[in-house]
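I have placed the structure first, in the form of structure tokens, so that the comments after it can refer back to it.
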Amino acid sequence: MLAALAALSIALVGAAPGPSAAKQASRPVQVGATVQAYARLNATHPAKLVIANKDTSIGYLAVPNANNPSGTTLAVQTNDRAGYTVRVQVAAASLSQFSSIEISGFGGKVVLPGTGGTINVPYTALNTTFTLTYRFVFAPKAKDGTFAWPLTFSVQPNP
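Positions -22 to -1, 1 to 137 (mature numbering (1 follows the signal peptide of the UniProt record, and there is no 0)) are the ones given, in order, by the sequence shown.
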């Protein structure tokens, strides 16, 4: 039995694979991936807008001011090197209050109609924070009082 095992071992060693004469080939392969563009926004704004009688008398309200101590902080995150679009929407209850809204803090002053609008913002970094101030220009029949904050913001990558 020992002789049979030795013969089998020699046969297996003799059949062990050695260097192969098989052809080897290589070919370059290109792999691509598309990363979906995204834009995210976090807005921190006052809960209310206080419009005094003197504000409606002069025709506008600058924010921040004594009654409205802060504007809006927008934190935007995007990977879109083409920039993004910020949409400013005015609450339905405030649509008749303003003839225009001037927004500063995006690198200059932007003037939107009293109904809101869009602002195209160039890409500067993955994360960007804006501190916005306002000048609400009143419509002829604007009323003074305390109102819910009239503006909401959303963002989308540029097409």
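Positions of the beta carbon are idealized from the N, C-alpha and C atoms, including for glycine.
Taking the beta carbon of residue 150 as the centre, do at least 16 other beta carbons fall within 10 Å, making it buried, or is it exposed? Because the chain is modelled from -22 through 137, residue 150 falls outside the range shown and cannot be assessed.
Unbroken alpha helix (DSSP H) run spanning S35, endpoints: Numbered from 1 along the sequence shown, position 57 holds the residue referred to as residue 35. Residues N31 to I36.
Distance between beta carbons of L129 and V66, contact taken as under 8 Å: Within the sequence shown, the letter at position 88 stands for residue 66. Within the sequence shown, the letter at position 151 stands for residue 129. V66 to L129, Cβ: 6 Å. Contact.
Reduced DSSP secondary structure (H/G/I, E/B, other) of A40: On the sequence shown, residue 40 is found 62 positions in, with the first residue counted as 1. The answer is strand: DSSP assigns A40 an E or B state.
Can you check whether the C-beta of T50 is within less than 7 Å of a C-beta belonging to chain B? Any reference to chain B falls outside this structure, which holds one protein chain only.
S74 - DSSP class collapsed to helix/strand/coil: Within the sequence shown, residue 74 is the residue found at index 96, counting from 1. In this structure, S74 counts as coil in the three-state DSSP scheme.
Could you compute how far the alpha carbon of L90 sits from the alpha carbon of V7? Counting from one through the sequence shown, the residue named residue 90 turns up at place 112. Counting from one through the sequence shown, the residue named residue 7 turns up at place 29. For L90 and V7, the distance between alpha carbons rounds to 51 Å.
Cβ-based neighbour list, residue 146, same chain, cut-off 6 Å, excluding 5 preceding and 5 following: Outside the displayed range of the chain (-22 to 137) lies residue 146, so it cannot be described from this structure.
Going by CA-CA distance only, name the one from I29, V115, Q134 and T111 that's closest to T22. Position 44 of the sequence shown, counting from 1, holds the residue named residue 22. Ranking the options by Cα distance to T22, first place goes to T111.
Look up S4 in the DSSP assignment and give the residues it is bridged to. Mapped onto the sequence shown, residue 4 falls at position 26. Looking at the DSSP assignment, S4 forms no beta bridge with any residue, so it has no partner.
Shortest alpha-carbon distance to residue 208 belongs to which of G10, A103 and P42? Nothing can be reported for residue 208: it is not among the residues displayed for the chain, which extend from -22 to 137.
Give me the Cα-Cα distance between T102 and G61, rounded to the nearest whole angstrom. Within the sequence shown, numbered from 1, the residue matching residue 102 stands at position 124. Within the sequence shown, numbered from 1, the residue matching residue 61 stands at position 83. Spanning the two alpha carbons is a distance of roughly 8 Å.
Output needed for I(-13): all residues of its chain with C-beta closer than 8 Å, excluding positions within five of it in sequence on either side, in chain order. Mapped onto the sequence shown, residue -13 falls at position 10. Any reading at I(-13) is ruled out, since the residue's pLDDT is 49, under 50, leaving its predicted position unreliable.
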